[in-house]
Amino acid sequence: MDEPAIQPAAKPEWALSRRELKKRALLAAGIQPARFPWLWAGAAVVVVGLAVFVLPQFLAPQASTPTETAATAPDVVKRLLTIDVATAEPATLSETLKATGSLMPRRSIAIASQVNGTLKSVDVRIGDQVKSGDVLATVDVETSQIQLSQQRSTAAATRAQLAQAENQLERTLRLADSGLTPSATVESEKASIEALKANLAALEAQVAGAELVIRNATITAPFDGIVAARSIEPGQLITSGAALFDLVDLSMMEMTAYVPVSASPKLSPGQGVSLTVEGLPGQSFAATVEGVSPVAAKGTRTVPVLISVPNPEGKLRGGMFASGSIVIEETQGAFAVPDAALREDDEGTHILRIADGALVRQPVEIARKWVSSRMTELASGLVAGESYVSGQLDDLKPGMRVTVVEN
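Just add 940 to the spot in the sequence shown (first one is 1) and you have our numbering.
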């Protein structure tokens, strides 16, 4: 009789691992635990990978051949910015010389006193606008007026004495003709008359001088202008020659520019100048060459050029720095393109004209280059109203489809 198999003693629950506890729970529920679970997890990973990488290959549409793509793809349209496109139209071209300098009023004056005395009044301040003849200041001339009155009285008395002496001489001459008066008397009276005339002339000169002092005691503006400086105050004692005011006329400004002596033969009075001024951005001022020095400035190889600048609105001030260009040569109504628009190939010089949405090779004939304008004048090849590529775009070729878009 066979002996029953000896079952191994069961571990107590406290000695079981977590895996063994899980297995015991499954057996108690009548569920057989799976063997080698890691094999099933690996198989699942392989299946998912195949689904991710292989399935899209079957679902994707078949790629067309290069021939089919070229046959069905639409034409590529190149977009051009408006900044790189221009329209042909007659233009004014010029060659210029750079001109810089400081602006100064053409007419200015330092007004000085012509008399001695005490200032009775000062009627203007710096910045005041005055008209010719307006009173600027007055010197007290009460003493001079008294002296003038006395001198006029003395001159009048001397004039009366002279008239009386001349009448007496006429009577003496008649008596001398009759032999009743000696010739010595005649000569004496003539000498007296000459002395009176000399005395009267001196007195009249004194009167004129006193009148001039009184007139000069009232200081007036010699021309329309603006008070630029005032050096006096009322009650101040001044002497002849003392500085009183500076007066300037801003209606016409001028500046002296210096240009290379080699360029001076191209300059002449009347040539136009366009100026910009520091402190007045965005504004330009038309000016004119007034004169050109025949010799270079001492120690330099530059020639002074006088430029006049009308200033009717009074925007310009003395001492402002101006820069600009003198127009030495100019042509109007020319067709020209920027230098960057010109292209070269085996057939010669051309531009790229835009017609019906495509680039067209347009041969051109060059007349001359204008260095200052950075433009090339064309003798032929461009018609008013035609659009062309003005920028340096190297990837453009004739025949390309293009469209112009805003910058």
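The beta carbon of each residue, even a glycine, is placed where N, CA and C say it ideally should be.
If you follow the alpha helix (DSSP H) that residue i is in, where does it begin and where does it stop?
{"i": "residue 1157", "result": "Counting along the chain, residue 1157 falls outside any alpha helix (DSSP H), and DSSP gives it neither H nor E."}
Quick test of your reading: residue i and residue j, contact by CB under 8 Å. State the CB separation rounded to the nearest angstrom.
{"i": "residue 1187", "j": "residue 1213", "result": "Not really, about 27 Å apart at Cβ, beyond 8 Å."}
{"i": "residue 1105", "j": "residue 1133", "result": "5 Å"}
{"i": "residue 1091", "j": "residue 1180", "result": "Incorrect: roughly 19 Å between the Cβ atoms, too far for contact."}
{"i": "residue 1277", "j": "residue 1322", "result": "7 Å"}
{"i": "residue 1046", "j": "residue 1164", "result": "Between residue 1164 and residue 1046 the Cβ distance is about 13 Å, and since that is not below 8 Å, they are no contact."}
{"i": "residue 1154", "j": "residue 1081", "result": "5 Å"}
How should residue i be labelled, buried or exposed, when 16 other C-beta atoms within 10 angstroms of its C-beta is the threshold for buried?
{"i": "residue 981", "result": "Here the model assigns residue 981 a pLDDT of 47, short of 50, so the residue's position is not dependable and the matter cannot be decided."}
{"i": "residue 1001", "result": "Reliability of the predicted coordinates at residue 1001 is poor, the pLDDT of 48 falling under 50, and no value is obtained from them."}
{"i": "residue 1066", "result": "exposed"}
{"i": "residue 1086", "result": "exposed"}
{"i": "residue 979", "result": "Confidence is the limiting factor: at residue 979 the pLDDT is only 45, short of 50, which leaves the residue's position unreliable, though a coordinate-based value still follows. Residue 979 comes out exposed."}
{"i": "residue 1159", "result": "buried"}
{"i": "residue 1261", "result": "exposed"}
{"i": "residue 1354", "result": "Coverage of the chain is limited to positions 941 through 1347, which leaves residue 1354 absent and any answer about it impossible."}
{"i": "residue 1330", "result": "buried"}
{"i": "residue 1204", "result": "buried"}
{"i": "residue 1152", "result": "exposed"}
{"i": "residue 1008", "result": "The pLDDT assigned to residue 1008 is 43, lower than 50, so where the model puts this residue is not dependable; a value taken from the coordinates is nonetheless given after this. Burial call: exposed."}
{"i": "residue 1294", "result": "buried"}
{"i": "residue 1264", "result": "buried"}
{"i": "residue 1027", "result": "exposed"}
{"i": "residue 1030", "result": "exposed"}
{"i": "residue 976", "result": "For residue 976, the predicted structure reports a pLDDT of 49, less than 50, and the residue's modelled location is therefore unreliable. A value from the coordinates is still provided. So residue 976 ends up on the exposed side."}
{"i": "residue 1023", "result": "exposed"}
{"i": "residue 1129", "result": "buried"}
{"i": "residue 1211", "result": "buried"}
{"i": "residue 1347", "result": "exposed"}
{"i": "residue 1120", "result": "exposed"}
{"i": "residue 1083", "result": "exposed"}
{"i": "residue 1251", "result": "buried"}
Provide the residue span of the beta strand (DSSP E) that contains residue i, from first to last.
{"i": "residue 1046", "result": "1044–1052"}
{"i": "residue 1166", "result": "1165–1170"}
{"i": "residue 1374", "result": "Summary: the structure shown does not reach residue 1374, with the chain confined to residues 941 through 1347, and so no result is reported for it."}
{"i": "residue 1027", "result": "1025–1027"}
{"i": "residue 1327", "result": "1327–1329"}
{"i": "residue 1086", "result": "Run containing residue 1086: none in the beta strand (DSSP E); it sits in the alpha helix (DSSP H), 1082–1117."}
{"i": "residue 1234", "result": "Where residue 1234 is concerned, there is no enclosing beta strand (DSSP E), given that its DSSP letter is neither H nor E."}
{"i": "residue 1247", "result": "1242–1250"}
{"i": "residue 1075", "result": "1075–1079"}
{"i": "residue 1207", "result": "Note, residue 1207: premise wrong, no beta strand (DSSP E); not H, not E."}
{"i": "residue 1216", "result": "1212–1217"}
Run through the DSSP bridge pairs and tell me what residue i is partnered with.
{"i": "residue 1041", "result": "1262"}
{"i": "residue 1309", "result": "1316"}
{"i": "residue 1303", "result": "1290"}
{"i": "residue 1341", "result": "1017 and 1298"}
{"i": "residue 1280", "result": "DSSP lists no partner for residue 1280."}
{"i": "residue 1185", "result": "1051 and 1170"}
{"i": "residue 1178", "result": "1057"}
{"i": "residue 1199", "result": "1243"}
{"i": "residue 1062", "result": "1077"}
{"i": "residue 1194", "result": "1044 and 1248"}
Can you determine whether any heavy atom of the ligand NAD sits closer than 8 Å to the C-beta of residue i, and answer yes or no?
{"i": "residue 1064", "result": "With respect to the ligand NAD, the structure offers nothing, as it holds no ligand at all."}
* At least three beta-carbon pairs within less than 8 Å, the stretch 1205–1219 to the stretch 1051–1068 -> no
* Do three or more CB pairs link the stretch 1168–1176 to the stretch 1140–1148 at distances below 8 Å? -> no
* Does the count of Cβ pairs from the stretch 1072–1089 and the stretch 1224–1233 closer than 8 Å reach three? -> no
* To do: Please determine if the stretch 1321–1340 and the stretch 1291–1301 are in contact, where contact requires at least 3 C-beta pairs separated by less than 8 Å.
  => yes
* Any chance the stretch 1274–1293 sits against the stretch 1038–1053, with 3 or more Cβ pairs inside 8 Å? -> no
* Asked: Do the stretch 1190–1201 and the stretch 1244–1260 touch if we need at least three Cβ pairs shorter than 8 Å?
  -> yes
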